[in-house]
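Next up, the structure:
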């Protein structure tokens, strides 16, 4: 394991630890904060690969918009106690993770080499209709959500 | 060389799998829809990690998939926030036990 892989592994370890914090904390507010920290560590892994556009997307959209809205909603409804995790669900999850880890360490032996990192500028032209349709989807969903929220009486 | 001989691809995929499994556990142990929303965001984080190997094969497609994931996550947040508002108005609470069945009532 070289130093780059070690940095990625440490960031991944912290990301998994933060996600376990989401599972174990009883307060929704802290769960949302742990979720934002997990996103930041995922962005750190992208930064380790020098894929800066995705770092910006994660930091601005996931942490800056989605994460903050989730934190705000969780702070509003924070007085809830999380249900305890059933031990019968933890066991199969650990078994599945062990199988995944064994398969990945034995089969995924190639290293990731990010090629052509400056190609992000071409995405807006190559995938123009995809992005246009996604904008249309978000606007349509927003209008539907407003209509639904206004139709239900208080 | 430091530690065990393991590729960065395996590290990325193991981390992604671990976050996804923790998100599944959070989802099945969620008592309210807010925790469900948080677990879904964790699943998107795992998806974001799983995209990284695509950057070594086809970077434009990887960027496009990353953008689609970001848009999908934002739309999912929008829908779930609306669902939380509607659930709170109709059922006076956001617990998942308030929704016994899905779909319209007959």
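Chains as they are written, first to last, in my numbering: chain V, 166 to 319; chain P, 58 to 163. Positions of the beta carbon are idealized from the N, C-alpha and C atoms, including for glycine.
Return the bridge partner residues of residue 89(P) from the DSSP annotation.
According to DSSP, which records beta bridges pairwise, residue 89(P) is partnered with 152(P).
For chain V, check one thing: does any of its Cβ atoms lie closer than 7 Å to the Cβ of residue 163(P)?
With a pLDDT of 49 at residue 163(P), under the threshold of 50, the predicted position of this residue should be treated as unreliable, and no value is reported.
Inspect the CB distances between the region 86–101 of chain P and the region 285–293 of chain V and report whether three or more fall short of 8 Å.
With the cut-off at 8 Å, the region 86–101 of chain P and the region 285–293 of chain V do not touch.
Counting C-beta neighbours from all protein chains within 10 Å, is the total for residue 73(P) 16 or more, i.e. buried, or is it exposed?
Its Cβ being crowded by 16 or more others within 10 Å, residue 73(P) is buried.
Using a beta-carbon distance cut-off of less than 7 Å, what residues from the region 304–315 of chain V approach chain P?
Correct list: 306, 307, 310, 313, 314.
Just to confirm, are residue 142(P) and residue 106(P) a CB contact at a threshold of 7 Å?
The answer is no: Cβ separation not under 7 Å.
Which chain V residues are close to residue 82(P), counting only those with a beta carbon under 8 Å from its beta carbon?
Ordered by position in chain V, the residues that pass the 8 Å Cβ test against residue 82(P) are 188, 250, 254, 255, 258.
Rounded to a whole number of angstroms, what is the C-alpha to C-alpha distance between residue 268(V) and residue 261(V)?
If you take the alpha carbons of residue 268(V) and residue 261(V), they lie about 11 Å apart.
If you follow the alpha helix (DSSP H) that residue 111(P) is in, where does it begin and where does it stop?
Element bounds for residue 111(P): n/a, residue is neither H nor E.
According to DSSP, simplified to helix, strand and coil, what is residue 191(V)?
Note: residue 191(V) maps to coil in three-state DSSP.
Leaving out five residues before and five after residue 199(V) in sequence, what residues of the same chain have Cβ atoms less than 8 Å from its Cβ?
Excluding residues within five positions, the ones whose Cβ falls inside 8 Å are 183, 184, 186, 187, 190.
Hey, would you say residue 119(P) sits closer than 7 Å to residue 77(P), going by beta carbons?
No, Cβ-Cβ distance for residue 119(P) and residue 77(P) is not below 7 Å.
Shorter than 7 Å from the beta carbon of residue 216(V) to some beta carbon of chain P?
Interface residue, yes.
With hydrogens ignored, establish whether the beta-carbon of residue 241(V) is closer than 6 Å to any heavy atom of the ligand COA.
The model on display carries no ligand, and the ligand COA is accordingly not part of it.
Taking a contact to mean a Cβ-Cβ separation below 7 Å, would you say residue 116(P) touches residue 284(V) in this structure?
Yes, these two residues count as a Cβ contact at 7 Å.
From 299(V), 193(V), 177(V), pick the residue whose C-alpha is nearest to that of residue 126(V); which is it?
Past the boundaries of the shown model lies residue 126(V); chain V is included only from 166 to 319, so the question cannot be answered.
Tell me whether the region 296–308 of chain V and the region 222–231 of chain V touch, counting them as touching only if at least three CB pairs, one residue from each stretch, are closer than 8 Å.
In short, these stretches do not touch, since the Cβ pair count stays below three.
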